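Step one of this worksheet: look at the structure below.
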Amino acid sequence: MPTGGQVDEAEDPGCTAVGECAPCTVSQKDEWFCLPTGFSQQLTCAGAHLGNTTKTVSCNSSGDSVGGFIGFELLMLVVFGVSFVMTNRRKSRLTSIQHHRISQYLNT
624 MPTGGQVDEA EDPGCTAVGE CAPCTVSQKD EWFCLPTGFS QQLTCAGAHL
674 GNTTKTVSCN SSGDSVGGFI GFELLMLVVF GVSFVMTNRR KSRLTSIQHH
724 RISQYLNT
């Protein structure tokens, strides 16, 4: 199912979207169509022998996934920055200790 509430005609021929891709309600969270993404969408399908039927399918909310991705990347950038600074401080400190020990060894 494509993102943004669009219906893929190859996957659901004869089906059209009734509403937007929306978050599942608390009562729907355990349903099969809500388990993959937490979002669902109503489709109306035209069938020759059944007439018009409505079904619910899983979908992705493109707005939430982009915001989540950007937030995750920003968090990873902060973690990288903090670890880089801490690693350089530790390296500098250990190099200083090593030089001090070498100078003490050579002066004795």
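Each number in the working numbering corresponds to the 1-based position in the sequence shown with 623 added.
We treat Cβ as the ideally placed atom computed from N, Cα and C, and that holds for glycine.
Since this is a predicted model, take the numbers as computed values, not measurements.
query: Counterpart residues of N730 in DSSP-defined beta bridges; result: None; N730 has no bridge partner.
query: Exposure of S684, with buried meaning 16 or more beta-carbon neighbours within 10 Å; result: buried
query: Q664 - partner residues in DSSP beta bridges; result: V680
query: Proximal residues to Q665 (C-beta, below 7 Å), its chain only, five neighbours per side dropped; result: V641, G642, T677, T679
query: Within 8 Å, strictly: CB atoms of C644 and G661; result: no
query: Continuous beta strand (DSSP E) stretch holding C638: start and end; result: 638–640
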